[in-house]
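Here the structure comes first, spelled out in structure tokens, and everything after it is commentary.
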Amino acid sequence: MFRRLALAAAVAAVALPTLASAEEVDPNVHARQALMDLYAYNLGVIGGMAQGRMAYDADLAASAATSLYHLARSGSARMWAEGTDNMSMDGTRALPAIWDNMPDFAARAGALRDATEAMMNAAGTDLAALQAAMGPLGAACGGCHQTYRQPQ
1 MFRRLALAAA VAAVALPTLA SAEEVDPNVH ARQALMDLYA YNLGVIGGMA QGRMAYDADL
61 AASAATSLYH LARSGSARMW AEGTDNMSMD GTRALPAIWD NMPDFAARAG ALRDATEAMM
121 NAAGTDLAAL QAAMGPLGAA CGGCHQTYRQ PQ
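By our numbering, the letter at position 83 of the sequence shown is numbered 83, and the numbering carries on one by one without gaps.
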């Protein structure tokens, strides 16, 4: 009886840490996903106003747009570590194409920075200005996601 218990404990001691580490998310992936959640949160505010799903509020729009501006300049390049694509690990939708064409990926990040700056300058002005800035911002987000993110 004691030998079986000792054997079970030994197997658990070896297997459990391996199982736990297999489920851990790479810190780079976790940071990217948190960044994308913050983008989505702020875009939800601006998009809701642009589409008439919520009343236009200049202060709230300006705050969300300013957050987007800073998120796009957050130094997120370090979050895109090689080997954190969806073919190398679970828990991410980032396609290997990112690392195959990093110059294009970086250029698209630059387009996002430009679009968030334009939105920051427009969002608190009036609804028409916010709506006009939505197209380029949506194109910047979508252009990267269509090319570099696995569909759900």
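Don't be surprised by glycine CBs; every beta carbon is placed ideally from N, CA and C. Here the structure is a predicted model, which means the values were calculated and not measured.
Residue 53 sits in coil when the DSSP states are folded into three classes, being neither helix nor strand. Under DSSP, residue 149 takes part in a beta bridge, and its partners are 94. Residue 110 sits in a helix when the DSSP states are folded into three classes. Around the beta carbon of residue 124, 16 or more other beta carbons lie within 10 angstroms, which makes this residue buried. With contacts defined as CB atoms closer than 8 Å, residue 118 and residue 103 fail to qualify as a contacting pair.
By the criterion of a C-beta distance shorter than 8 Å, residue 42 is surrounded in its chain by 64, 65, 67, 68 and 71, once the five residues flanking it on both sides are discounted.
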